[in-house]
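Working notes, structure below.
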Amino acid sequence: MIRGGIILKIFYENPTSMRLKANVWLNDEMHELAAGQSLDLPVNRGDQVSFKVGRFSAKHTLSYQSPQASFAIQPNKTLQTAFFAVVFVLVMALFFVKNPPTTLVTIGVVIGLILYEAMMYFIGYRARPKH
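For what it's worth, the UniProt record's numbering labels the leading residue of the sequence shown as 1, then goes sequentially.
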């Protein structure tokens, strides 16, 4: 369905996972993007644009003020950096403790992975305006 209006340009940038696809919806019409691709959507004011990356992430609404805007869907690097920093600190703590209880370490690892995956589901990807 071709519609009139102004073009909203969406880029999908995911250099770490080339196989992971992004789905973009304009109202209820779905478009699929592979890493490195872009999409030109003919939008009018009031149209709802949303996106989802992969199967295991939440669907996010793209809030745009101008239909002529450009967005890039990117992984949330702040979240990934914070997770790896916390893991590094915990590994260093385990090194200095020398003999921690195995049960405590296992529970901590499982809880940490569950929290990381939950955060990735909700805020793992974001759309940033391109200027």
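For each residue, glycine too, the CB sits at the ideal point set by N, CA and C.
Check	Outcome
Could you give the uninterrupted runs of the alpha helix (DSSP H) lying entirely in the segment 49–116, keeping only those of 4 residues or more?	77–97
Which stretch, first to last residue, makes up the beta strand (DSSP E) that contains Asp40?	Ser38 to Val43
Look up Ala118 in the DSSP assignment and say whether it is helix, strand or coil.	helix
To the nearest angstrom, how far is it from the Cα of Pro101 to the Cα of Ile114?	20 Å
If we ignore side chains and look at the alpha-carbon of each, how far apart do Gln74 and Val24 end up?	13 Å
Who does Ile7 pair with in a DSSP beta bridge?	Pro42
Rounding to the nearest angstrom, what Cα-Cα distance links Gln37 and Lys52 in this structure?	15 Å
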